[in-house]
Structure formats: structure tokens, C-alpha cells
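Q: What follows is a structure written as C-alpha cells; I'll ask about it next.
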């Protein structure tokens, strides 16, 4: 076959290129460094969290254990990011694979609960040096699922109402105050509904608790479909509330609108508010408050998949993150998050200046009184469904 | 020898077709099946939920796509006609640009451009056409979406139309000119009827693409109010892992797309 | 040159009015086409931009410098690699089909061509979501081959349909002459048809490459978060209201397309696309 024509040469080059690329791709990731360990850390959170692992926690760990490289990968934001990790682990479990490709998974409470329920997690907490410091109701049960021994919160995220003092002379102290304020100042309060992020979802959950007064029922059960009427009633009132409200496109949307002065109050993540201020993307005057009866706190959990390839190293890594020194210096001081482990162990190690910044607007007493748990999984789903149908 | 060669050529056609069947056909069938299943049981519950939650969004999706189609062809046909009758290299070049701008970039660019205090407002203000605190209202609603969709599809549509118009022999146009037809009449009375099959195909491609658009609405959507169907699907699948309802939404979108394709086949087979 | 096609021929524009008309049209079109993109440029150099200022308060290249660190460069190189692989595979697999279809030797030819149109004519998201479910099972999800396959599914139509039109435009007479002189089908194809069809093949390669580089939906469902390309990266940045990063990424994403547009402008002749719709 005469392939000396230009077309023939092009064809050969193309085939050669495809072959080379295929070989490169096939051998690329595998086949390097069997003696070294690469710890795969999948992070279902914003870029800033990924950078913490990459630049601080991972680097510190490698310094202590030079044969281990930490590969931190972000899987996106919001619940979908945690879902991506869950789907991958479930697929590997269903296929009966050993040596799963994620060693440490930082996921939202909801998916950690789901993964625990489906036996996708390794019970690693008892192995930790700092296991005694892992305390709190949310380390025992999450969304009604038993998670004790499977999770360590990396940090806790509190949802709060952020307000702009230039336009809001008297911040609201209760949901009733907020309702009245919104009626007097239409389209100056914003949150992101239920589709753009959990800050909005948390607000909706808190609203239902406020209107029904049934916090214990929704958080501890039992689940009874008969209570859906309660939920629908609360959501119908939310629909009316929403008429005077701006629904933003996500967690970041609310912050952006606050910064621009488009809204004067909004439902936000405290940590995201602080991060934006540090990056210069947020007006430093915007202050968070908690309002009665309360707003949810939502931890991000460090988990180890059941068949992770490097389970022992994963546990050691999480031990590093749970170290009170790290929690104080990195988690709290540097990034303004609430500690994931026992605060009594961490806060004494935090500088007074950082403590002042952390608790500006939301004091430890406020947290103790107004920080709520998320509802049981079934009630959580029922509330979201009611919102989707009634409020749209 | 000849027969073997022919056989080899036909076999060489298999990988491409196989890729489509495996990568598209099988998932398509799976989604059809999944739309009728819930927790392993055959049921219509998914469709009931779609009706309960998303029926307004079906109407909204159709309206936005129709508006986008009107905008695209409303600008595209005159432009293609102009380019058939005149030589304007700069215009031709400009019109090819959206083809090379990815869908997501269009979404983000339009989001910034049509934001309440976005670039468009800034430009209008700089030109003295609006006041200092004017805001753009329609950027995040159906009109903003339609504009973004039309902008992106304009390039391919004009390209297709130009190809079809250029295939029309000059003699027809000369004849029309001989009868005193101006540029507009030449376009509408000669070019459009003669290029009708291509226009129909372009319209079907554009409409189904807009009905099924995902990246642009994803970038531009607001948190509340009606959404394009694909956004609902993504929410159901991505946030809830509800493959059943997501597939049901998918089937509804297949039906919408098929409707358009059916009209095309009818038009072409004439 | 086949008889039905007419190469674009300038008709005389008489007088200043026509010239002014063309200038006005060009200016208007410039505003419509370039306007939205200009916003990206401004945001990409805006180091600080708070409402109510009309233009950024601080301008600089701080965010452009971030191309060299972070995921942006990785996402770009991954995207380009995947696009090259997709294009090569698409061309190689599409040529036999297109040639057979053009020469009307493909059984159920029009039907087969329609099959390739399906991924573009049908809503992609539900099918790709379903494919993701399957790919997870086959351990293809989150891998480069998986993403290439999903790009191939959507991009093959550009290769197949364009090349069918191209091969049809290359008249059969030359091939028949060669075959009558005793050449095999394959030899005729490589020495006669392919050289004549090269410009059109380059055109279809451009279309597939651009499609793969831009591809978002399939990559989001099948590849993300483990294999991210630039569009997915841009989406994440825009979602997080990192407007500068998103705009820089958007402009970077446009560079290959613009380069190709400028270089290959002459290959995107409308004639090749004129045969769309003529089944």
C-alpha cells in the first residue's frame, strides 16, 4: 500500500499521536513511586478548604512523614460535591473492589450519614491519639444515623444572619424581628433558597422550627408522615415571607449581594463571610448574628472509606487535623472556623485577637443557645420537597 | 478481492457506530427504563412528581427556547441574506466568533454583561443613555436567557444559512433583480424558499439545542422562579441522587426534542 | 467545482449610502458580538471593583498571574490533551463511515447518519447522567478515557456529517477513472480522494477539537471532580463569585478557539456546510 502521499503521512502521524497519547495516559498516574505513599484526600468543599489541605495540613504532614505525599482534590461545592464522592465510593463498593482510590474524604454531614448507613466507612476514630477530644452530639448521630467512630469534624460551620450596620441600625434578635424588618424593608433580605447551597437550606430548616416550635420532634424523631401538615403550614408562610425577599443564586451569591449593598441582610456561612473579608472581597463592616430560636450548625466530616488503600496513613493524617495545636493555629486563627474537636481544648490555644475576630457578632454564649442541629433525614427531605412544591 | 475490500471498509465503519450505541444508545435506554422505576419497582411515581413540581418549568423551557429561536433567525436570516448579496468580510468574521466561544463562557459573559449593574449598564451609562442608578431588570429572567442562547447559536445558524444561500444559483437572483426586487425581496422571495430544507434543519438543531440547554442556564439562573428543565434535572440528580425523577424529566425533554425532529422529517421528506 | 455551488461574488455596492450601511452594520455587530466578551476582559484585570464604581478601582494583572499556580494550568492542559485525543479518534473512526455514506455504499445510510446526529439533537444532560451511572459501574467515571469517550459521542457528528459532505463534494469521476485503471478502492481513496478532501477534513477536525475543548455537560457528569477541564473549572469559579478568576479562565478558554478562528478562517467555507440538510 503506497502511503507516501501527504495524506498518508498525515494519517500515520495521527495514528502515531493517538497511540503515544493513549500510552501516556494509560501509564501516567500508575507506575510511579511504589515505595512512597500518596494519600488521596477528596474534599467536598470550597477552594479555600482545598488550599488549607494542600498548603498547610498536607505540607505539615509530609514534613513529619517524608515518604507520604498528600494529594488534595476538591470535588466542587455544596451537597453535589459530597455526592460525587459518595457515588464513587458506592460504585467501588458495588463492584467489590479492594483498595479504593480515596483515602480521606471530607464530606458534608448529610453524605457522611448516608455513607455510614450504607457501610461505606472505616471505623477509624478509636485509633486516633486525639480520640478523647472528639466530642459533641454531632459526632454520635448525624441526621438520625449512628456515626460514632466514623467521623471527626474538621471544623464546624455556623449559619448566621449577616447584616450591614450602615443600613441596619438594630439587628434582629429573633425570627419575629426579622419578619417584621423584612416587611418594612422589602427586597433587602436575601438567602439562596434550597438549590444554591446549604446556607439557604439551613435558613429554611430554622424557619420551620421557628414556625412550628417542634425542634425536638424534627431533630430527634420519631418520623411520622402525619406531621407533614405542620411542615406545609410553615412552608406556606415562608412563601409569603419570600415575596419581600431576594433569592440569590448560592452561598456566594448572598455574600456578593451583601457586599454590593444590593441587600442589607442575608443568611450566610460564618466561615465564608470571614474568608471573604480576609480576601478583600467583603465589606469588613458586615457582621453576623444569631437569632432566636436558632440557626443550624453544619459540620464537615473527615471520614475514611472502608476499603481505602491507605487506611492507616489516613487515620494518622486525620489525627494531625484533630491536633488541638493545628485546630487552634490553622483552623481557628488562620481561617476563622469553629473548631471541630472539643472547643475547651482548642480555644485556650488561640490568640486573644483571633478569638475576638472569631466571636465578633456571634459569641460562644450565642452559639450555646442558638446553634441548632439539622433535622432527621426524613424530615429534612420532607421540608425540601414541600419547599419545592409550594414555594418554587 | 474487491468484495473483501468492500467488506473491510464496511467493518471500518463499525467503531464509530459502536461508540454512539454504547456511549449514547445504551444510556438513553437505561434512562427510559429508570424513569419508570422507583426503589426497584415499576411505577409512575416519578412522572407524578415531575407533574407536581415541574410542570410550569416545561412551559417556561418551551417559551425561552422559542424566544431564542425567534431572536436567532430574526437576526440570522437578514444577516445571511445581506452576506449573500454583498461582500463584507468583517461582518462574516464577526459572525463566526460565537462559534468559538464555549457555552459556559457565553453563560458567564452574559451573566456579567446583563447583570443588574453589569457591563451593559456601565456602557449605556458611559454613553449617557441611562441614569446613574439604573439597573437592568431582564438579565436574569427569560429574556436574558433567550438573548444568551440566541447569541451563541447565531454563528452556526448564519454559517448554515450562508452555505444554503450561496448554493442558490446567481441566475435566480438576477432574474429577481430584473423584476425590480430590492435586497429584502431577494432574500424573502428567492433565497429563503429555495433554502427551506436547510433553514428547517437549522431551526430544528437550534430549537432542540435551546430546549436542552444546560450550561448557559446554569450560569445565568437565579435561585427562585421557573427554571429550564435541565436545571431541574441536574438538581434532582446532583443534589438528591434521584435518578428516577431525573430520568423522568429527561424523558419529557426527549419528547419535546422529538416533536421538533418530527416536524423536520415531515418537512424534508416532502 | 460542482455546478450548483456559487462562490461568493461581490455585488457592486453603489455610493456612499451602501458603504455607510455596511459600516453601521459592522459597528452594531461589533457591539453585539464583542460587547459581552469585553466585560470579561475588564473583570480579568479588575483587582478591586466595588459598586457603585463603573470601572474597577484598581487594575492589574494579579489574577492573570494566578494562571501559573493552582488548577487553572492543569485544567487547560488536561482539556487540550483530551481534545487532541478526541479529535484524532473521531477522524480515524469517522472517515470510513463518511466515505461509505458519501458514495452511497452504506447500508441504511441515511439512518446511520441520523444516529450520529442523535447526541446533538437529543437533550444531552439526561443521557450523560445515565452514562455516568454506567461509567461508574465500569470504572470509567473520573478517568480520562471515560471523558474522551463521552466527548466522542457528542463530537462524532461533526466529523461524520462534515466529512460526508466533503467526500460528496469531491466528485466521483476521478475515482472512477482510477478504478477503471485498476487501482483498488483503498489506494484510490488515499491517493486521490483524501488529498482533495484535506481542507474539509481539517475543517471537521477544527469542529471536533473545539467541541471537545468546550465540552462541559459530559465532562461535568462523567469527569468531574477527578478529571476537570477548563470549562468545569470556570463554572466552579463563577459559581463561587470569583469573578476575576472566572473571567481570566473564560478568556484563556477562548484563546485556542480564537487562534484557530483566525488561522483557519479560510477552511470554514460555507459551501462545505451547504450540504447539511441534503440527505
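Protein chains in written order, with our numbering: chain H, 136 to 527; chain Z, 152 to 421; chain B, 654 to 932. We put the beta carbon where it would ideally sit given N, CA and C, even for glycine.
Straight-line CA distance for residue 205 (chain Z) to residue 380 (chain Z)?
A: Answer to the nearest angstrom: the Cα atoms are 8 Å apart.
Q: If I'm right that residue 401 (chain H) touches residue 326 (chain H) with Cβ under 8 Å, what's the distance once you round it to whole angstroms?
A: Their Cβ separation, rounded to whole angstroms, is 6 Å, which keeps residue 401 (chain H) and residue 326 (chain H) in contact under 8 Å.
Q: If we ignore side chains and look at the alpha-carbon of each, how far apart do residue 323 (chain Z) and residue 804 (chain B) end up?
A: Their Cα atoms are separated by approximately 42 Å.
Q: Assign residue 448 (chain H) to one of three DSSP states: helix, strand, or coil.
A: Of the three classes helix, strand and coil, the one that applies to residue 448 (chain H) here is helix, per DSSP.
Q: Residues of chain H with CB under 9 Å from residue 731 (chain B), in chain order?
A: What residue 731 (chain B) touches in chain H: nothing, since even the nearest Cβ is about 10 Å away.
Q: Anyone know if the C-beta pair for residue 360 (chain Z) and residue 311 (chain Z) falls short of 9 Å?
A: Against a cut-off of 9 Å, the Cβ pair of residue 311 (chain Z) and residue 360 (chain Z) comes out as no contact.
Q: Starting from residue 326 (chain H) and walking both ways along the alpha helix (DSSP H), at which residues does that stretch end?
A: Segment 324 to 326 is the beta strand (DSSP E) holding residue 326 (chain H); no alpha helix (DSSP H) there.
Q: Using the Cα positions of residue 329 (chain Z) and residue 337 (chain Z), report the straight-line distance between them to the nearest angstrom.
A: In a straight line, the C-alpha of residue 329 (chain Z) is about 11 Å away from that of residue 337 (chain Z).
Q: The alpha helix (DSSP H) spanning residue 799 (chain B) covers which residue range?
A: Its alpha helix (DSSP H) spans residues 797 to 822.
Q: Taking Cβ-Cβ distances below 7 Å as the criterion, which residues of the region 258 to 269 of chain Z are in contact with chain H?
A: So the list is empty, because no residue satisfies the distance condition.
Q: Check the C-beta distance from residue 732 (chain B) over to residue 882 (chain B) and give it rounded, since I have them as a contact under 8 Å.
A: About 4 Å; that satisfies the 8 Å criterion.
Q: Taking Cβ positions only, does residue 385 (chain Z) come closer than 9 Å to chain B?
A: Chain B, which has a Cβ nearer than 9 Å to the Cβ of residue 385 (chain Z), makes this yes.
Q: Could you give the DSSP three-state label for residue 156 (chain Z): helix, strand or coil?
A: Three-state result, residue 156 (chain Z): helix.
Q: Using DSSP bridges, identify the partner residues of residue 473 (chain H).
A: According to DSSP, which records beta bridges pairwise, residue 473 (chain H) is partnered with H:291.
Q: Would you kindly check if the distance between the Cβ of residue 721 (chain B) and the Cβ of residue 809 (chain B) is under 9 Å?
A: Taking 9 Å as the Cβ cut-off, residue 809 (chain B) and residue 721 (chain B) do not qualify as a contacting pair.
Q: Using three-state DSSP, classify residue 417 (chain H) as helix, strand or coil.
A: Residue 417 (chain H): coil per DSSP, three-state reduction.
Q: Expressed to the nearest angstrom, what Euclidean distance is found between the alpha-carbon atoms of residue 839 (chain B) and residue 156 (chain Z)?
A: About 8 Å.
Q: Would you grab the beta carbon distance between residue 345 (chain Z) and residue 295 (chain Z) for me? Rounded to a whole angstrom, and I think it's under 8 Å.
A: Wrong, their Cβ atoms sit about 35 Å apart, outside the cutoff.
Q: In angstroms with no decimal places, state the Cα-to-Cα distance between residue 490 (chain Z) and residue 215 (chain Z).
A: Nothing about residue 490 (chain Z) can be reported from this structure: the residues present for chain Z run from 152 to 421 only.
Q: Could you pull the start and end residues of the beta strand (DSSP E) that residue 700 (chain B) belongs to?
A: Here the beta strand (DSSP E) through residue 700 (chain B) covers 699 to 701.
Q: Which bits of chain Z does residue 215 (chain H) rub up against, with CB to CB less than 7 Å?
A: The answer, in chain order, is 389, 390.
Q: Could you compute how far the alpha carbon of residue 224 (chain Z) sits from the alpha carbon of residue 203 (chain H)?
A: One C-alpha to the other measures close to 59 Å.
Q: Taking C-alpha atoms, which residue in H:427, H:436, H:183 lies nearest to residue 342 (chain H)?
A: That would be H:427, whose Cα lies nearest to the Cα of residue 342 (chain H).
Q: Please confirm if residue 387 (chain H) has its CB atom under 9 Å from at least one CB of chain B.
A: It does; some Cβ of chain B falls within 9 Å.
Q: Alpha carbons only, please: which of H:358, H:328, H:361, H:369 is nearest the one belonging to residue 347 (chain H)?
A: Looking at the Cα atoms, H:369 is the closest of the given residues.
Q: Please work out which residues of its chain come closer than 8 Å, Cβ to Cβ, to residue 236 (chain Z), disregarding the five sequence neighbours upstream and downstream, and give them in chain order.
A: Within the same chain, residue 236 (chain Z) has close Cβ partners 324, 334, 337, 338.
Q: Hey, residue 265 (chain H) and residue 451 (chain H): beta-carbon distance below 9 Å or not?
A: No, they are not a contact pair.
Q: Are the Cβ atoms of residue 690 (chain B) and residue 907 (chain B) separated by less than 9 Å?
A: Yes, they are a contact pair.
Q: Give the list of continuous beta strand (DSSP E) stretches no shorter than 3 residues that lie fully inside the region 230 to 315 of chain H.
A: Taking only runs of at least 3 residues, the beta strand (DSSP E) segments lying wholly in the region 230 to 315 of chain H are 239 to 243, 287 to 298.
Q: Determine the direct distance from the alpha carbon of residue 885 (chain B) to that of residue 408 (chain Z), and round the result to whole angstroms.
A: C-alpha separation (whole angstroms): 26 Å.
Q: Indicate the three-state DSSP secondary structure (helix, strand or coil) for residue 839 (chain B) in the structure shown.
A: Of the three classes helix, strand and coil, the one that applies to residue 839 (chain B) here is helix, per DSSP.
Q: Helix, strand or coil: how does DSSP classify residue 428 (chain Z) here?
A: Only positions 152 to 421 of chain Z appear in the structure, and residue 428 (chain Z) is not among them; the question remains open.
Q: Would you mind telling me which residues of chain B sit closer than 8 Å to residue 230 (chain H), beta carbon to beta carbon, in chain order?
A: Simply 790, 792.
Q: Using 8 Å for Cβ pairs, my map puts residue 459 (chain H) next to residue 476 (chain H). What's the rounded Cβ distance?
A: The Cβ separation is near 7 Å, so the contact holds.
Q: Quick one: is residue 837 (chain B) near chain Z, going by C-beta distance under 9 Å?
A: Chain Z, which has a Cβ nearer than 9 Å to the Cβ of residue 837 (chain B), makes this yes.
Q: Do we get a CB-CB distance below 9 Å when we pair residue 282 (chain Z) with the residues of chain B?
A: Output row for residue 282 (chain Z): interface = no.
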